[in-house]
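Number of protein chains: 2
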Amino acid sequence: METRTMFLGHFLVISLALNAGLLYRDYCNGKHKSQDFFFFNNGFKNASLASKRDAHVAKRTPLETKAPLKALGGVIDLDHGDPTMYERYWREMGDKTTVLIPGWKFISYFSDVRSLCWFLEPEFANAIIRLHKLVGNAVTEGRYIVVGTGSTQLFQAVLYAISPPDASEPISVVSAAPFYSSYPLITDFLKSGLYKWAGDARKFKKDKPYIELVTSPNNPDGVTREAVVNQNQGILIHDLAYYWPQYTPISSPADHDIMLFTVSKSTGHAGMRLGWALVRDQEIAKKMTEFIVLSTIGVSKESQIRAAKILQVVADSHEHRGNFKEGEAFFEHSYNLMAKRWKQLRDAVEKNDLFTLPDFSRGTCNFSQRAFASQPAFAWLKCREVEDCESFLRYHKIITRSGRHFGESANYATLHLASPSPSPSPS
Amino acid sequence: METRTMFLGHFLVISLALNAGLLYRDYCNGKHKSQDFFFFNNGFKNASLASKRDAHVAKRTPLETKAPLKALGGVIDLDHGDPTMYERYWREMGDKTTVLIPGWKFISYFSDVRSLCWFLEPEFANAIIRLHKLVGNAVTEGRYIVVGTGSTQLFQAVLYAISPPDASEPISVVSAAPFYSSYPLITDFLKSGLYKWAGDARKFKKDKPYIELVTSPNNPDGVTREAVVNQNQGILIHDLAYYWPQYTPISSPADHDIMLFTVSKSTGHAGMRLGWALVRDQEIAKKMTEFIVLSTIGVSKESQIRAAKILQVVADSHEHRGNFKEGEAFFEHSYNLMAKRWKQLRDAVEKNDLFTLPDFSRGTCNFSQRAFASQPAFAWLKCREVEDCESFLRYHKIITRSGRHFGESANYATLHLASPSPSPSPS
Chain A
22 METRTMFLGH
32 FLVISLALNA
42 GLLYRDYCNG
52 KHKSQDFFFF
62 NNGFKNASLA
72 SKRDAHVAKR
82 TPLETKAPLK
92 ALGGVIDLDH
102 GDPTMYERYW
112 REMGDKTTVL
122 IPGWKFISYF
132 SDVRSLCWFL
142 EPEFANAIIR
152 LHKLVGNAVT
162 EGRYIVVGTG
172 STQLFQAVLY
182 AISPPDASEP
192 ISVVSAAPFY
202 SSYPLITDFL
212 KSGLYKWAGD
222 ARKFKKDKPY
232 IELVTSPNNP
242 DGVTREAVVN
252 QNQGILIHDL
262 AYYWPQYTPI
272 SSPADHDIML
282 FTVSKSTGHA
292 GMRLGWALVR
302 DQEIAKKMTE
312 FIVLSTIGVS
322 KESQIRAAKI
332 LQVVADSHEH
342 RGNFKEGEAF
352 FEHSYNLMAK
362 RWKQLRDAVE
372 KNDLFTLPDF
382 SRGTCNFSQR
392 AFASQPAFAW
402 LKCREVEDCE
412 SFLRYHKIIT
422 RSGRHFGESA
432 NYATLHLASP
442 SPSPSPS
Chain B
22 METRTMFLGH
32 FLVISLALNA
42 GLLYRDYCNG
52 KHKSQDFFFF
62 NNGFKNASLA
72 SKRDAHVAKR
82 TPLETKAPLK
92 ALGGVIDLDH
102 GDPTMYERYW
112 REMGDKTTVL
122 IPGWKFISYF
132 SDVRSLCWFL
142 EPEFANAIIR
152 LHKLVGNAVT
162 EGRYIVVGTG
172 STQLFQAVLY
182 AISPPDASEP
192 ISVVSAAPFY
202 SSYPLITDFL
212 KSGLYKWAGD
222 ARKFKKDKPY
232 IELVTSPNNP
242 DGVTREAVVN
252 QNQGILIHDL
262 AYYWPQYTPI
272 SSPADHDIML
282 FTVSKSTGHA
292 GMRLGWALVR
302 DQEIAKKMTE
312 FIVLSTIGVS
322 KESQIRAAKI
332 LQVVADSHEH
342 RGNFKEGEAF
352 FEHSYNLMAK
362 RWKQLRDAVE
372 KNDLFTLPDF
382 SRGTCNFSQR
392 AFASQPAFAW
402 LKCREVEDCE
412 SFLRYHKIIT
422 RSGRHFGESA
432 NYATLHLASP
442 SPSPSPS
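Sequence order for the protein chains is A and B.
Under the numbering used here, the first residue of the first sequence carries the number 22, and numbering increases by one thereafter.
Under the numbering used here, the first residue of the second sequence carries the number 22, and numbering increases by one thereafter.
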């Protein structure tokens, strides 16, 4: 059982922080400060969103390297999306997922020379297929698997693969706001001549080729998404990082041409730097492979072998329950964690009028057979009466990410609910 | 003891292949065919080097994904630079380098939040510093360590870090021919607005900012290199992938501002996808870190932990010889392997007038105290009377890489001598 004390304690702090009278007064007295951490200097505070957003995206600025406040004590870091919530479950699994790698393994660049993605470890491919079949969240038949150093690298690989190589101008890349805050940065940081960030998909009206990123469930607001541009010359990339049953009902297997997944959000192993793409078109899969060859000559085989083991144990925990204790089926455990955290957060927010959270309609999950409303990894918090929600919360030592980074206004902020880690269970 | 039979057998084939009378006649009768493998379609055969090289670099073409001929039997693949020569040594080391990773490790994105490169595992950093101190091949004091998914990623990180962000045109990137064949491809594949390949450093005469890649020992010709442009507005990147004592005498610790190393070429673990940079300037190190965050949000921690273990065992094999059998000191063993292979190759080449190999002067290695001539991982073979050396050898089922890819003429070809793997020793 999760030790609630630590996480509930965090929400008590939030609840105190949400005491409108005390804190709003302090804020208006200008006591807030702003600091940058493991993110790019944005340099803008209470200014016009559009112009500052463009400046933020276009300008490549030094990375601040001050230690995050979480290392300094007394601060809640809900910004970074570090999925440390999962650590306790994997500790409790003990040796089931331990991997032993001898020194003579993985000398070669090559994993399987017969495969299109020749640096994809077959064990990892098999584990992916098994897990998708079990969960029912994606079609794998007739798809090429391309492995990447996180779905971050795969996103870039897709852009490379589907951009026309000889076009007179870069192809536009769009996503409906609020969009994942890293998309503009990743798209534009090298000022590629092949592709260029073109902002909010809902405002894209040009009769030109485009690439639309459809993130579903969406980061940051957890909404189930579909394409919005719907013109003839578009190619869609479906980022399904959160389409797992701890976050959202699995209504049907996703069946798109290009689908991205990541270990970080499924099992929590963000440090592994591993993602995979399911790709229908062979030429696109080949070009994605080409990108990864040019970028990093493949992907860590150690990460792949370890992920293979972990994904198999996830599947085993559901398919071979006799080998696991009660409550250890991975997606059940993770669902329960997220459910508790969302309840605590909603309870805290309901105590005042200062904030709102999204409401999600209930749906039936074909995997768990449970009817529930989405409980995303990020909470998309809206401040009703505060112009800059992120600064307001920062003043009260709660680190979040401003809605500006997601193409929305500054009165939104995201809270990452899959961290921090719950305390270890009492032994 | 290396089983010579297999590798000597390869050189017997080469020796036969080098029988000038028989083979030159066959080649001139037009029986040769050309095929592409794990490399980009180059489409050009016996044509003007300059124009076709530019076309090759500028045009992004689909990656051929046919299995390399090595998988088809009866063919010697000396193209790919796959360092499988090292596998037998690591098998013989047995459990010394076995790494055990529990399932709860590496959940977090963060390795050390106090470090500039916050995804660098401290164990790996310590192992790097220890090894450089032992071998004496690089100064580490006062340097920031940046870890990357191979030196390939670090090369791109450096380009990003040192390119002016707001220049009116991309900064020129040059290297003296023959240069590493991947440099032009990696520099230009995204058509970045920040940097652009500008070819042979010896021909660079513009009075503008530039970046010069100095690879030493050089790939492909094994020569010890220094900068050649020597203008005021240049920044140097030193690629020291092969500056290890199995390949070349260690004359002094390299002491440059930006130095790149890779596990692939030091211990042979190419599948690990791991490299490191030693960087003097903090701002450059920060921006390199920023690149890797945007590109892949860090580097596989599994690879780092494994590399830490392996590098420590390499150092132990020299510093704690009592724990190892005779002949197991890693760099001694690897030096002997390379020495044998170069002797076999030179013996084969000397039997005819069709080919030449570079000569290297002897130098004293401060690490091994041995005087020897360089024995690079790649042999830079010149065909005296054949215009297209790579096609000629390919006809005789020896896969090499044409000199054209290195900015030289087609009568050169590279042979990778750190593969294939020697057969296991008789038990």
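C-beta: ideal position from N, C-alpha, C; glycine also.
Closest by C-alpha distance to tyrosine 201 of chain B, when choosing among B/Ile271, B/Asp100, B/Gly292: Measuring C-alpha to C-alpha distances from tyrosine 201 of chain B to each of B/Ile271, B/Asp100, B/Gly292 identifies B/Asp100 as the nearest.
For isoleucine 453 of chain B, the three-state DSSP class (helix, strand or coil): In the structure displayed, chain B extends from 22 to 448; residue 453 of chain B sits before or after that span and is not available.
8 Å Cβ cutoff met for glycine 319 of chain B and phenylalanine 127 of chain B: Here glycine 319 of chain B is not near phenylalanine 127 of chain B, since their CB atoms are 8 Å or more apart.
Nearest-angstrom beta carbon gap, phenylalanine 282 of chain B and glycine 292 of chain B [assumed within contact, 8 Å]: At roughly 17 Å, the Cβ-Cβ gap does not stay under 8 Å, so glycine 292 of chain B and phenylalanine 282 of chain B are not in contact.
Residue-chain proximity (tyrosine 130 of chain A, chain E), Cβ-Cβ < 8 Å: No chain E is part of this structure, whose protein chains are labelled A and B.
Within chain A, the residues that glycine 289 of chain B reaches when beta carbons sit closer than 9 Å: Against chain A, the beta carbon of glycine 289 of chain B has neighbours under 9 Å at Ile128, listed in chain order.
Simplified DSSP assignment, three categories, for valine 96 of chain A: It is coil, neither helix nor strand.
Status (buried if at least 16 other CB within 10 Å, exposed otherwise) for lysine 403 of chain A: Under this definition lysine 403 of chain A is a buried residue.
is_contact[glutamate 323 of chain B, chain A] using C-beta, thresh 8 Å: Taking 8 Å as the CB threshold, glutamate 323 of chain B lines the interface with chain A.
Phenylalanine 393 of chain B - partner residues in DSSP beta bridges: Listed as beta-bridge partners of phenylalanine 393 of chain B by DSSP are B/Gly384.
Any alpha helix (DSSP H) of 4 or more consecutive residues that is wholly inside the segment 304 to 344 of chain A: Secondary structure remark: continuous alpha helix (DSSP H) runs of at least 4 residues inside the segment 304 to 344 of chain A, in chain order: 322 to 340.
Neighbourhood of tyrosine 181 of chain B by C-beta distance below 6 Å, restricted to the same chain and skipping five residues each side: The answer, listed in chain order, is Phe312.
Partners in chain B for tyrosine 107 of chain A, counting only beta-carbon separations shorter than 8 Å: Result: Ile128.
Cβ pair tyrosine 268 of chain A, proline 397 of chain A closer than 8 Å: Yes, these two residues count as a Cβ contact at 8 Å.
Complete runs of the beta strand (DSSP E) confined to the segment 114 to 168 of chain A [at least 3 residues]: Counting whole runs of 3 or more residues, the segment 114 to 168 of chain A contains the beta strand (DSSP E) stretches 120 to 122.
Against chain B: residues of the segment 187 to 213 of chain A by CB proximity under 9 Å: Under the 9 Å Cβ criterion, the segment 187 to 213 of chain A contributes Asp187, Pro191, Ser203, Leu206, Ile207, Phe210, Leu211, Lys212, Ser213.
8 Å contact criterion, which cysteine 386 of chain B and phenylalanine 393 of chain B should meet: CB distance rounded: Separation of the CB atoms of cysteine 386 of chain B and phenylalanine 393 of chain B is rounded to 7 Å, and the pair is thereby assigned contact status at 8 Å.
Touch test, the segment 173 to 191 of chain A against the segment 213 to 222 of chain A, Cβ-Cβ under 8 Å, three pairs minimum: In short, these stretches touch, since the Cβ pair count reaches three.
8 Å contact criterion, which arginine 367 of chain A and leucine 378 of chain A should meet: CB distance rounded: In this structure, arginine 367 of chain A and leucine 378 of chain A form a Cβ contact; the two beta carbons are roughly 6 Å apart against a cut-off of 8 Å.
Member of B/Lys154, B/His153, B/Arg246 whose CA lies at the smallest distance from the CA of serine 196 of chain B: When each option's Cα is compared against that of serine 196 of chain B, the closest is B/Arg246.
Which listed residue (B/Met114, B/Ile232, B/Gly343) has its alpha carbon closest to that of glutamine 252 of chain B: Comparing Cα positions, the closest option is B/Ile232.
Alpha helix (DSSP H) runs wholly inside the segment 197 to 242 of chain B, at least 4 long, in chain order: For secondary structure counted as the alpha helix (DSSP H) over 4 or more consecutive residues, the segment 197 to 242 of chain B holds these complete runs in sequence order: 203 to 209.
Contact list for proline 397 of chain A against chain B, beta-carbon separation under 9 Å: In chain order: nothing, as chain B lies at least about 19 Å away.
Where leucine 315 of chain A meets chain B, residues with beta-carbon distance less than 7 Å: Within 7 Å Cβ-Cβ: Leu206, Ile207, Phe210.
Cβ contact (3+ pairs, closer than 8 Å) linking the segment 148 to 167 of chain A and the segment 322 to 337 of chain A: Because the criterion of three Cβ pairs below 8 Å is met, the segment 148 to 167 of chain A and the segment 322 to 337 of chain A touch.
Three-way DSSP call (helix, strand, coil) for aspartate 368 of chain B in this model: Of the three classes helix, strand and coil, the one that applies to aspartate 368 of chain B here is helix, per DSSP.
Rounded distance between the beta-carbons of phenylalanine 381 of chain B and histidine 437 of chain B, thought under 8 Å: Wrong, their Cβ atoms sit about 17 Å apart, outside the cutoff.
Lysine 346 of chain A - DSSP class collapsed to helix/strand/coil: Here lysine 346 of chain A carries a coil assignment [DSSP, helix/strand/coil].
Min CB distance leucine 438 of chain B to chain A below 8 Å: No, because no Cβ of chain A sits closer than 8 Å to the Cβ of leucine 438 of chain B.
Beta-carbon neighbours of glutamine 252 of chain A, restricted to chain B and to distances below 7 Å: Near glutamine 252 of chain A there are no residues of chain B at all, since even the closest Cβ is about 25 Å away, more than 7 Å.
Burial state of lysine 224 of chain A (16 or more Cβ within 10 Å): Under this definition lysine 224 of chain A is an exposed residue.
Burial state of asparagine 344 of chain A (16 or more Cβ within 10 Å): Counting Cβ neighbours within 10 Å, asparagine 344 of chain A comes out exposed, since fewer than 16 surround it.
Alpha-carbon spacing of serine 55 of chain A relative to glycine 243 of chain A, whole angstroms: Only weak support is given to the placement of serine 55 of chain A: the predicted model assigns it a pLDDT of 30, under 50, and the question is left unresolved by the model.
Within 8 Å, strictly: CB atoms of glutamate 323 of chain A and serine 321 of chain B: Going by beta carbons, glutamate 323 of chain A and serine 321 of chain B fall inside the 8 Å limit.
Option nearest phenylalanine 351 of chain A by Cα separation, candidates A/Ala159, A/Val370, A/Arg109: Cα-wise, what sits closest to phenylalanine 351 of chain A is A/Arg109.
Lysine 286 of chain A, enclosing alpha helix (DSSP H) - first and last residue: If you look at lysine 286 of chain A, you'll find it in the alpha helix (DSSP H) that goes 284 to 287.
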